[in-house]
Amino acid sequence: MNADEARILKLRAELRDYNHYYHVLDAPKVPDAEYDRLFRELRNLEELHPELVTSDSPTQRVGSAALFAFSQVRHAVPMLSLGNAFEESELFEFNRRVIEGLDLPAGDLFGGGQSIEYTCEPKLDGLAVSLLYRDGLLVQGATRGDGTTGEDISVNVRTVRNIPLKLNGSGWPAVLEVRGEVFMSKAGFERLNATQMEVGGKTFANPRNAAAGSLRQLDSKITASRPLEFCCYGLGQVSANIADTHIGNLEQLKAWGLPISRELKLANGIDQCLEYYRDIGVRRNDLAYEIDGVVFKVNSLAYQRELGFRAREPRWAIAHKFPAMEELTELLDVEFQVGRTGAVTPVARLKPVKVAGVTVANATLHNMDEVARLGLMIGDTVIIRRAGDVIPQVMQVVLERRPDNARPVHIPEQCPVCGSQVERTQLVKRSKGKETVSEGAVYRCVGRLACAAQLKQAIIHFVSRRAMDIEGLGEKSVEQLVDEGLVSSPADLYTLGFEQIVDLEGFAELSSKNLLEAIEDSKRPTLARFIYALGIPDVGEETAKVLARSLGGLERIMAALPQVLTYLPDIGLEVASEIHAFFEDEHNRTVIAQLLERGLQLQDQGELHPEFAASTSLAGMIAKLDIPSVGPTGAEKLVARLETLDKIIAADGIDLRQALTIKQATAVREFFSVAENAERARAVEAQLREFGMHWGSEKKLVEGLPLAGQTWVLTGSLERMSRDVAKDKLESLGAKVAGSVSAKTHCVVAGPGAGSKLTKANELGLEVLDEDAFIAFLNKQGIEA
Ligand code: NAD
Numbered sequence: 001m002n003a004d005e006a007r008i009l010k011l012r013a014e015l016r017d018y019n020h021y022y023h024v025l026d027a028p029k030v031p032d033a034e035y036d037r038l039f040r041e042l043r044n045l046e047e048l049h050p051e052l053v054t055s056d057s058p059t060q061r062v063g064s065a066a067l068f069a070f071s072q073v074r075h076a077v078p079m080l081s082l083g084n085a086f087e088e089s090e091l092f093e094f095n096r097r098v099i100e101g102l103d104l105p106a107g108d109l110f111g112g113g114q115s116i117e118y119t120c121e122p123k124l125d126g127l128a129v130s131l132l133y134r135d136g137l138l139v140q141g142a143t144r145g146d147g148t149t150g151e152d153i154s155v156n157v158r159t160v161r162n163i164p165l166k167l168n169g170s171g172w173p174a175v176l177e178v179r180g181e182v183f184m185s186k187a188g189f190e191r192l193n194a195t196q197m198e199v200g201g202k203t204f205a206n207p208r209n210a211a212a213g214s215l216r217q218l219d220s221k222i223t224a225s226r227p228l229e230f231c232c233y234g235l236g237q238v239s240a241n242i243a244d245t246h247i248g249n250l251e252q253l254k255a256w257g258l259p260i261s262r263e264l265k266l267a268n269g270i271d272q273c274l275e276y277y278r279d280i281g282v283r284r285n286d287l288a289y290e291i292d293g294v295v296f297k298v299n300s301l302a303y304q305r306e307l308g309f310r311a312r313e314p315r316w317a318i319a320h321k322f323p324a325m326e327e328l329t330e331l332l333d334v335e336f337q338v339g340r341t342g343a344v345t346p347v348a349r350l351k352p353v354k355v356a357g358v359t360v361a362n363a364t365l366h367n368m369d370e371v372a373r374l375g376l377m378i379g380d381t382v383i384i385r386r387a388g389d390v391i392p393q394v395m396q397v398v399l400e401r402r403p404d405n406a407r408p409v410h411i412p413e414q415c416p417v418c419g420s421q422v423e424r425t426q427l428v429k430r431s432k433g434k435e436t437v438s439e440g441a442v443y444r445c446v447g448r449l450a451c452a453a454q455l456k457q458a459i460i461h462f463v464s465r466r467a468m469d470i471e472g473l474g475e476k477s478v479e480q481l482v483d484e485g486l487v488s489s490p491a492d493l494y495t496l497g498f499e500q501i502v503d504l505e506g507f508a509e510l511s512s513k514n515l516l517e518a519i520e521d522s523k524r525p526t527l528a529r530f531i532y533a534l535g536i537p538d539v540g541e542e543t544a545k546v547l548a549r550s551l552g553g554l555e556r557i558m559a560a561l562p563q564v565l566t567y568l569p570d571i572g573l574e575v576a577s578e579i580h581a582f583f584e585d586e587h588n589r590t591v592i593a594q595l596l597e598r599g600l601q602l603q604d605q606g607e608l609h610p611e612f613a614a615s616t617s618l619a620g621m622i623a624k625l626d627i628p629s630v631g632p633t634g635a636e637k638l639v640a641r642l643e644t645l646d647k648i649i650a651a652d653g654i655d656l657r658q659a660l661t662i663k664q665a666t667a668v669r670e671f672f673s674v675a676e677n678a679e680r681a682r683a684v685e686a687q688l689r690e691f692g693m694h695w696g697s698e699k700k701l702v703e704g705l706p707l708a709g710q711t712w713v714l715t716g717s718l719e720r721m722s723r724d725v726a727k728d729k730l731e732s733l734g735a736k737v738a739g740s741v742s743a744k745t746h747c748v749v750a751g752p753g754a755g756s757k758l759t760k761a762n763e764l765g766l767e768v769l770d771e772d773a774f775i776a777f778l779n780k781q782g783i784e785a
């Protein structure tokens with residue numbers, strides 16, 4: 001056997017195996033690009049050695065044999081594949097073959113004469129299906145299988161919502177076999193994977209696999225629950241012809257209620273086909289579904305008949321493919337990057353490879369759980385996917401290509417930047433009254449600001465526009481400041497002098513002065529900005545605002561216990577624990593103290609928000625302890641009977657039984673018999689009290705405020721403050737702010753452009769304030785506007 005022959009046999013075996021995994025198991029082993037390369041190599045070798053072509057070669061066949069789990073359907077007209085073109089030259093070659101095949105006069109060959117009319121359709125990336133209608137009723141659905149025999153998926157196709165069970169109108173042939181693609185939209189695919197993740201089910205690598213896997217289910221209920229769609233692109237067996245062009249057929253199918261592509265177009269000549277390809281290529285990422293190319297078909301059915309078929313594909317159609325979104329490459333190494341919060345993230349260093357037109361050399365691996373899920377080893381051949389603008393991802397390891405010297409990926413014990421210890425993060429969860437701490441997927445360097453990587457990122461975040469907004473200090477300068485030891489915490493920014501700045505790369509006299517001014521100007525941030533600037537893990541702008549608005553002061557925020565923080569809107573125990581741990585940390589406390597010493601003055605510090613006061617009650621606090629079977633109602637009853645936390649903790653079974661069921665009473669006893677639980681509850685209560693709570697009298701607290709019991713309405717536009725701010729200020733004075741005016745309204749604040757609300761207020765003779773009067777009123781109440 002010569003080398004070519006041996007290679008042919010090897011390629012055939014490999015391609016057959018890949019076909020089986022792709023078409024039968026819906027779990028490809030290698031990316032399409034790799035399959036296509038090997039397929040082409042085989043076809044080229046077979047062209048060199050026609051005597052070696054066998055009828056069972058993958059180049060002569062379509063798909064793979066049907067699964068025996070389904071009953072089989074023999075296709076009256078074979079379901080074929082499509083030839084494909086990757087390069088423009090291959091497309092021109094196809095056009096030349098069409099013209100030659102039709103024996104048209106030579107003038108047509110090189111332009112000038114009439115050109116071939118083609119239909120252009122997107123090549124949807126899903127699964128080919130055949131739908132058989134008899135007398136307008138759907139009687140059978142089948143997969144392509146090996147092109148001759150497919151799987152009977154009649155029950156499943158009926159669950160695809162846009163497949164009509166009965167055709168509209170009239171005039172259809174008695175036997176009408178429609179062919180098309182079942183696919184999943186990008187959004188449907190994302191949703192499905194998210195749900196699968198939640199329920200611990202199988203996730204899919206891409207929408208094609210998801211569509212194929214969903215349609216070929218033995219349980220049609222599963223298929224029905226999947227977001228599948230159908231698009232039709234042709235005919236199989238028909239008892240009577242419909243139109244004399246491909247587009248005519250499709251338009252008629254559409255009239256009968258079958259979905260066809262909205263992108264279907266006619267092209268006059270191959271140049272217009274190319275324009276279509278380029279146009280869709282530009283819009284590819286914006287389409288709701290994935291396509292892997294476009295399909296051009298000779299529009300005239302008479303021409304199609306004349307051209308006929310090759311072994312596995314029609315001579316009158318071609319798929320012009322887009323650059324592949326998945327490619328194979330080698331994982332050269334895994335390096336670890338350290339982020340702002342110390343998270344140590346594995347990053348894949350890849351042998352550079354072109355994916356969808358862009359060279360990819362790195363890909364994030366997210367965390368060590370992801371590395372474990374992929375079963376990744378250094379030296380592995382991996383599949384990289386780059387879809388649209390999404391950052392490249394490592395999708396899968398090609399296990400059979402794992403080299404003998406592959407090495408496992410270990411998280412470093414020491415931070416690669418500063419050498420501090422690397423620790424696994426902790427997750428705090430509360431369930432049935434118990435707080436459990438488990439290990440998270442993220443590892444963190446404990447070096448904090450002693451770690452140059454974290455320090456740089458922390459300062460870049462600190463000075464950023466939405467944080468302290470120090471203009472003129474770019475990433476490069478921050479790196480230089482840290483590398484030269486001029487700055488070892490955000491507080492050091494406020495010690496920088498002209499001499500130090502002017503020496504930085506890219507700085508001159510004027511820019512140095514400007515930067516110094518910007519640093520000086522940043523010294524009066526709002527409390528919310530300052531909290532955000534600190535870069536507490538998981539605390540974004542919104543959470544920072546909530547903290548500032550609800551607790552009103554830095555000291556309170558720094559002291560707040562995690563359980564107290566969970567009273568604030570949208571703060572769960574995990575984030576609350578992060579916030580608490582951040583402020584417990586000695587180093588962070590020192591930096592904050594230094595910042596204040598170096599002249600930082602926080603604005604907008606005030607009182608506790610009345611909403612926060614209203615949201616806390618002893619009963620509410622007890623309900624939040626998660627004592628098994630004691631919900632808000634049980635907690636209310638308990639407090640109504642026993643009044644104080646001390647009494648509840650000390651209560652015996654008989655006392656508790658007066659308020660609760662036996663089960664609840666036992667649970668309460670058990671809960672508080674754990675010293676740690678009782679202690680924690682007392683600490684939370686004490687802190688809430690310290691923050692100004694008066695159990696059971698929170699109404700009184702609001703009642704003590706000047707606008708308690710009043711309803712105010714804001715209308716029109718205010719020029720000196722936003723309506724939200726005005727609302728906050730009114731609420732902090734105890735008023736309720738309503739959206740509509742009624743006889744019960746106490747006062748209306750009306751800015752320019754006020755309409756019907758103002759008219760109504762005047763009709764009712766209510767008090768109306770304009771913006772100036774409103775601000776004067778606020779000032780009188782001691783509130784700065
Ligand atoms: P194909 O998918 O390239 O083209 C034919 C198919 O295109 C049809 O069966 C139909 O389902 C679909 N199609 C979509 N829109 C269409 C339209 N408007 N008109 C007509 N048909 C349309 O060919 P194939 O033979 O089904 O499979 C080969 C493809 O599958 C290649 O892209 C190959 O890379 C991939 N494959 C990959 C692996 C792997 O291991 N990764 C294995 C086998 C096949």
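Counting from 1, one number per residue, gives the positions in the sequence shown under this note's numbering.
Even glycine gets a Cβ: it sits at the ideal position worked out from N, Cα and C.
- Excluding five sequence positions before and after Asn156, the CB atoms of its chain that fall closer than 6 Å to its own CB belong to Leu215, Ser220, Thr223, given in chain order.
- Of all C-beta pairs linking the segment 342-359 to the segment 58-67, fewer than three are shorter than 8 Å, placing the two stretches out of contact.
- Residue side-chain check: Pro323 keeps its Cβ at 7 Å or more from all non-hydrogen atoms of ligand 1.
- For ligand 1, a non-hydrogen atom lies closer than 7 Å to the CB of Asp32.
- If one requires a minimum length of 4 residues, the alpha helix (DSSP H) runs lying completely within the segment 464-545 are 475-483, 498-502, 509-521, 527-533, in chain order.
- Apart from the 5 residues on each side of it in sequence, Asn162 sits with its Cβ closer than 6 Å to the Cβ of Glu229, Phe230, Pro259 in its chain, given in chain order.
- For Cys273, the enclosing alpha helix (DSSP H) begins and ends at 270-283.
- With 16 or more neighbouring CB atoms inside 10 Å of its own CB, Pro227 falls in the buried class.
- Nearest to Ile383 by C-alpha distance, out of Ala27, Gly213, Gln304, is Ala27.
- Within 7 Å of the C-beta of His23 there is at least one heavy atom belonging to ligand 1.
- Ligand 1 approaches Glu181 closely enough that one of its heavy atoms is under 7 Å from the residue's Cβ.
- Runs of the alpha helix (DSSP H) lying entirely within the segment 561-585, each at least 4 residues long, are 562-565, 573-584 in chain order.
- Between Gly739 and the set Ser732, Lys727, Leu733, the nearest pair of CA atoms involves Lys727.
- Across the set Val347, Val768, Gly620, the C-alpha of Val768 shows the shortest separation from the C-alpha of Thr711.
- Within its own chain, the residues whose Cβ lies closer than 6 Å to the Cβ of Ile571, once the five positions on either side in sequence are excluded, are Leu565, listed in chain order.
- If you check the CB distance, Gly126 and Met79 do not come in under 8 Å.
- Contact between Lys757 and Val748 holds, since their C-beta atoms are separated by about 7 Å, short of 8 Å.
- Spatial neighbours of Tyr303 in its own chain (CB-CB distance under 7 Å, excluding positions within 5 residues in sequence) are listed in chain order as Leu102, Trp316.
- For Phe498, the CB contacts under 8 Å within the same chain, skipping 5 residues up- and downstream, are Ser512, Lys513, Leu516 in chain order.
- In this structure, ligand 1 has no non-hydrogen atom nearer than 7 Å to the beta-carbon of Ala66.
- For the beta strand (DSSP E) assignment, the uninterrupted runs of no fewer than 3 residues enclosed by the segment 285-314 are, from N- to C-terminal side, 291-298.
- In its chain, beyond the 5 residues on either side, Leu764 have a beta carbon closer than 8 Å to the beta carbon of Ala743.
- Looking at the DSSP output, Asn84 sits in a beta bridge with Ala319.
- For Phe612, the secondary structure class from DSSP, reduced to helix, strand or coil, is helix.
- Close CB contacts of Tyr276 within its chain, under the 7 Å cut and outside five residues either way in sequence, are with Cys120, Lys265, Ala267, Val294 (chain order).
- For Glu46, the number of other beta carbons within 10 angstroms of its own is at least 16, and it is reported as buried.
- The three-state reading of DSSP puts Gln252 in helix, counting H, G and I together.
- Relative to ligand 1, even the nearest heavy atom lies 7 Å or more away from the CB of Val160.
- For Leu137, same chain residues with a beta-carbon under 6 Å away, outside a window of 5 residues either side, are Lys166 in chain order.
- Taking C-beta separations shorter than 8 Å and ignoring five residues to either side along the sequence, the partners of Pro706 in its chain run Leu733, Gly734, Gln781, following chain order.
- Per DSSP, reduced to three states, the secondary structure at Val428 is strand.
- Shortest gap from the CB of Ser81 to any heavy atom of ligand 1: under 7 Å.
- Take Ala491, set aside five residues on each side of it, and the residues of its chain with a beta-carbon closer than 7 Å to its own are Val591, Gln594, Leu595, Arg598, in chain order.
- In the structure shown, Pro346 adopts extended strand secondary structure according to DSSP, grouped into three states.
- Relative to the non-hydrogen atoms of ligand 1, the Cβ of Arg144 comes within a distance shorter than 7 Å of at least one.
- Per the Cβ contact rule, the segment 314-333 is in contact with the segment 79-90 (3 or more Cβ pairs under 8 Å).
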